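Report on the structure given below.
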């Protein structure tokens with residue numbers, strides 16, 4: 002089983018100034034998913050040392066294009082906005098957890114028990130070090146999000162501990178290569194659709210009843226939703242479904258004052274890449290995009306901060322941001 006996101010474009014590595022003996026990334030020796038961040042070489046960069054937080058996600062009422070009625074005697078709890086980040090143990094999810102914590106949010110994230118225990122524990126430590134003094138301690142929740150009841154249990158745990166959900170990040174994904182249509186079995190198709198799109202719908206359905214006016218839902222899709230991919234046929238199909246889900250849901254929730262947007266990353270250095278790509282693919286990872294390199298998770302996280310903040314994105318709903326290294330897509 003392999004997962005990841007790669008564009009199958011043949012590149013003359015020497016022609017762009019690199020010797021073939023100088024791969025972009027070395028062999029990773031991970032061939033099962035989910036990939037493990039702590040085993041990667043080099044480690045992904047989840048944080049930017051120059052990032053300056055400005056309290057965008059503190060638990061305050063922010064300017065919004067919705068008319069939010071504020072009672073004069075309302076007393077806010079001394080914690081940040083509550084963010085539920087699925088698949089938050091590694092990769093883009095970890096970078097989002099870190100950035101949200103720096104901005105004042107209280108974080109709960111999910112992970113796959115057993116496979117991702119070490120990464121989840123590392124992320125907990127990272128969040129605790131990054132969090133602001135007025136936010137609550139983070140929570141890591143093991144869960145198989147392919148099934149509705151498990152998603153309901155996750156939401157119930159967050160509500161029981163923090164009392165609300167202000168920001169929902171739908172983020173988990175699996176991916177398999179496809180050489181022929183015969184490889185896309187019913188079992189494989191069910192797993193990838195349950196993980197990549199069913200979980201988004203299940204979590205949103207259970208969480209939205211606790212989300213108030215001014216809340217935000219952000220769905221992780223992919224540049225492959227717009228380009229398509231013969232190698233990742235079923236994966237790119239799920240990512241296209243996420244774009245459609247994002248747009249439709251934004252219309253359904255707009256009158257409730259809940260904004261719904263998406264982020265469509267390009268080739269980002271994450272555990273999904275380490276578990277997916279051949280040595281040949283790793284050697285040219287990132288040469289497929291105009292910026293001629295793979296992105297790092299910390300370069301994607303600000304898109305989520307922007308979309309989660311009513312200060313910055315109050316006029317955004319039904320939209321998708323594209324941190325993809327310069328690939329032009331029809332958004």
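Numbering (the working numbering), first residue to last: 2 to 332.
Each residue gets a CB set at the ideal place from its N, CA and C atoms; glycine is no exception.
Model, not experiment: these values are computed from the prediction.
Supposed close pair residue i, residue j - CB separation, criterion 8 Å
i           : j           : result
residue 95  : residue 127 : 7 Å
residue 133 : residue 105 : 5 Å
residue 139 : residue 108 : 4 Å
residue 301 : residue 93  : 5 Å
residue 250 : residue 240 : With 8 Å as the limit, residue 250 and residue 240 do not qualify as a contact, their Cβ atoms being about 15 Å apart.
residue 266 : residue 286 : In fact, because the Cβ distance is near 13 Å, the residues do not count as touching under 8 Å.
residue 233 : residue 178 : 7 Å
residue 276 : residue 33  : 6 Å
Status (buried if at least 16 other CB within 10 Å, exposed otherwise) for residue i
i           : result
residue 252 : exposed
residue 144 : buried
residue 325 : buried
residue 220 : buried
residue 171 : buried
residue 1   : Only positions 2 to 332 of the chain appear in this structure, which leaves residue 1 out of reach.
residue 7   : Interpretation of residue 7 is limited by its pLDDT of 43, a score under 50 that renders its predicted location unreliable; no figure is taken from the coordinates.
residue 229 : exposed
residue 314 : buried
residue 323 : buried
residue 212 : buried
residue 182 : exposed
residue 115 : exposed
residue 36  : buried
residue 163 : buried
residue 316 : exposed
residue 1   : Since the first residue shown for the chain is 2 and the last is 332, residue 1 is missing from the structure and cannot be characterised.
residue 62  : For residue 62, the pLDDT reaches just 45, beneath the cut-off of 50, and the residue's location in the model is therefore unreliable, although a value from the coordinates is still provided. Residue 62 is exposed by the Cβ-count criterion.
residue 51  : exposed
residue 20  : Reliability of the predicted coordinates at residue 20 is poor, the pLDDT of 43 falling under 50, and the value obtained from them is presented with this limitation in mind. Exposed is the call here.
Residue i vs residue j beta-carbon contact at 7 Å
i           : j           : result
residue 103 : residue 168 : no
residue 235 : residue 198 : no
residue 320 : residue 57  : no
residue 304 : residue 330 : no
residue 49  : residue 299 : yes
residue 248 : residue 318 : no
residue 86  : residue 97  : yes
residue 90  : residue 130 : no
residue 26  : residue 283 : yes
residue 280 : residue 28  : yes
residue 203 : residue 149 : yes
residue 258 : residue 173 : no
From the options, residue whose alpha carbon lies closest to that of residue i
i           : options               : result
residue 136 : 101, 170, 35 and 281  : 101
residue 246 : 269, 222 and 188      : 222
residue 256 : 272, 214, 231 and 275 : 214
residue 146 : 164, 117, 181 and 201 : 201
residue 43  : 52, 30, 54 and 35     : 30
residue 38  : 307, 297, 322 and 310 : 297
residue 190 : 258, 290 and 175      : 175
residue 227 : 328, 154 and 165      : 328
residue 309 : 41, 36 and 84         : 84
residue 342 : 208, 52, 47 and 290   : Since the displayed the chain opens at 2 and closes at 332, residue 342 lies outside it and no answer follows.
residue 205 : 185, 238 and 151      : 151
residue 180 : 237, 99, 231 and 156  : 231
residue 41  : 306, 122 and 270      : 270
residue 237 : 34, 185, 216 and 262  : 185
residue 157 : 210, 173, 187 and 122 : 210
residue 218 : 53, 307, 291 and 187  : 307
residue 47  : 99, 54 and 55         : 99
Contact with chain B by residue i, beta-carbon distance below 7 Å
i           : result
residue 136 : Within the model displayed, chain B is absent; a lone protein chain is all it includes.
For a minimum of 4 consecutive residues, which ranges assigned as the alpha helix (DSSP H) are wholly contained in the region 254-325? 272-277, 280-284, 298-309 and 311-314
Length-filtered (4 minimum) alpha helix (DSSP H) runs lying within the region 191-239: 200-208 and 225-228
Mind listing, in chain order, the continuous alpha helix (DSSP H) runs of no fewer than 4 residues lying wholly within the region 97-166? 118-131 and 149-163
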